[in-house]
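Colleague: Position 51 of the sequence shown, counting from 1, maps to 51 under the UniProt record's numbering, and the rest follow consecutively. Beta carbons are placed, not taken as given, at the ideal position from N, Cα and C, and that holds for glycine. All of these numbers come straight from a predicted model, not from anything done at the bench.
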Amino acid sequence: MIRVQFRDGLAVQGETYEDVVRGMLEKSFEKTDEKDVLEEMKNWAEARTGQPIKFQDSESFIEELKRVNLIRSVEKEH
1 MIRVQFRDGL AVQGETYEDV VRGMLEKSFE KTDEKDVLEE MKNWAEARTG QPIKFQDSES
61 FIEELKRVNL IRSVEKEH
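#1: Among the residues of its own chain, which have a CB less than 6 Å from the CB of A11, if the five just before and after it don't count?
#2: Once you ignore the five residues that flank G23 on each side, which residues in its own chain have a CB closer than 8 Å to its CB?
#3: Tell me the residue span of the alpha helix (DSSP H) that contains G61.
#4: Looking only at C-alpha atoms, which of A45, L38 and E39 sits nearest to D8?
#5: Within 10 angstroms of the Cβ of E64, are there 16 or more other Cβ atoms? Answer buried if so, exposed if not.
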């Protein structure tokens with residue numbers, strides 16, 4: 001299980017990073033296509049932080065959001 005806590009209070013969890021991104025999609029965005037949501041979130045994060053967000057997959061996307069301080073914590077349980 002992976003639990004992600006955002007600085008704005010949003011908390012999302014899932015078995016995989018893809019599940020976490022889907023959870024973010026369900027809680028935060030009207031779009032339902034994962035690729036569209038990632039692009040929208042990337043644009044939002046870049047506008048908010050002024051830093052580029054570069055990613056290849058769901059895991060690297062979450063890591064980038066943590067790097068730019070939008071995510072407070074990522075906890076992994078095995």
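Modeller: Concretely, from the data shown:
#1: Q5
#2: V12, Q13 and G14
#3: Inspection of the sequence shows that residue 61 is occupied by Phe rather than by Gly. S58 to R67 is the span of the alpha helix (DSSP H), which, as asked, contains F61.
#4: A45
#5: buried
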